[in-house]
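Heads up: the sequence shown begins at 277 in our numbering, then just goes up one per residue. Cβ coordinates follow ideal geometry from the N, Cα and C atoms, glycine included. One structure is given below, encoded as structure tokens.
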Amino acid sequence: PAPYTRDSIIFGAADAHRLWRIDFPGKVRGFGSCAAHLCYVAAGMGVAAINTSTSLWDVAAALPILERAGARAELLDGSPLPLAAAREGGKFPQPIVAGTPYYLDDLRPRLHFLG
């Protein structure tokens, strides 16, 4: 993967600047849909996506697309998404991040959720 530039993008909620401290030289952009953000990452349009207060139905359709592209979604701490628990109607217990393993491993220490 190429190094980050000022034009690199992380997708997130429109208020990500209020909820996160992000040590990233690029841009954070939100387009109103967590599923769309995951698909944009799968298409290579951004390096990662971050989302807070996420339910399974917010990402279910996009997860196979993301995985097929060689990327993954996981909890902020790096643990797998607890899909079975989320199926019961609750939200994931932490913010989720999505991207290729290369970017996730590099970005995770740069992402600080302020809550």
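Exercise. Just tell me which of Asp-334, Gln-370, Val-317, Leu-295 has its CA closest to the CA of Tyr-378.
Key: When only C-alpha atoms are compared, the closest one is Val-317.
Quiz item: Residues bridged to Ile-286 by DSSP?
Solution: Note: Ile-286 is bridge-paired with Val-304, Ala-324 in the DSSP secondary-structure output.
Quiz item: Below 8 Å, can you find three or more Cβ-Cβ pairs linking the stretch 362 to 381 to the stretch 346 to 354?
Solution: Output reads yes: the stretch 346 to 354 touches the stretch 362 to 381.
Quiz item: Quick one: Cα of Asp-291 to Cα of Ala-325, how far?
Solution: In this structure, the CA atom of Asp-291 is about 14 Å from the CA atom of Ala-325.
Practice problem: Compare the beta carbon distance of Val-335 and Ala-319 with 8 Å and say whether it is the shorter of the two. | Solution: In this structure, Val-335 lies away from Ala-319, with their beta-carbon atoms at least 8 Å apart.
Self-check item: Minimum C-alpha distance to Ile-341 - residue among Asn-327, Phe-307, His-313, Arg-294
Solution: Relative to the Cα of Ile-341, the nearest Cα in the group Asn-327, Phe-307, His-313, Arg-294 belongs to His-313.
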